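The structure appears right after this line, and notes come after that.
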Amino acid sequence: MHIGILTLTFSLPGCGSLKEKRQRMGGLHARFGNTPSVAVCESGERDRHDASEWTFVIVGLSKREVESQCSQLEAKIERTVDGRVMNVVREFI
1238 MHIGILTLTF SLPGCGSLKE KRQRMGGLHA RFGNTPSVAV CESGERDRHD ASEWTFVIVG
1298 LSKREVESQC SQLEAKIERT VDGRVMNVVR EFI
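First residue of the sequence shown? That's 1238 in the numbering used here, and the numbers climb one at a time after it.
Here is the structure:
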């Protein structure tokens, strides 16, 4: 069993409130949290309306499978989130 931890930090230019932040970022949990091999949570910047940090934990039978899922997640997120990805950290256990 292999585990990957993908942490993305976002800048949300023009976001004026926590309510707007939830609208722009809230879909991440619904879209990716339903996948059996992925757990997702907002892991940082919870009180800031112009930034957000999300962590995804991906489990797979091989490191290659986990790396592939990390790449797919990252690509989908960059296409769908209404914000800028400022930092990406990948860790493998």
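Glycine residues also receive a C-beta, built at the ideal position from the N, C-alpha and C atoms.
Just so you know, these numbers come straight off a predicted model, no measurement behind them.
- Sequence-distant Cβ neighbours of Glu1315 in its own chain, meaning closer than 8 Å and more than five residues away, are Val1322.
- In the DSSP assignment, Val1303 falls within the alpha helix (DSSP H) that extends over Lys1300 to Thr1317.
- Residues of the same chain with a CB within less than 8 Å of the CB of Gly1270, apart from the 5 flanking positions on each side, are Ala1276 and Val1277 in chain order.
- Each residue's CA atom was taken as its position, placing Glu1304 and Arg1261 some 26 Å apart.
- In this structure, DSSP gives Met1238 a state outside helix and strand, which the three-state scheme calls coil.
- In the structure shown, the three-state DSSP call for Leu1243 is strand.
- In this structure, the alpha-carbon of Gln1309 lies about 22 Å from that of Leu1249.
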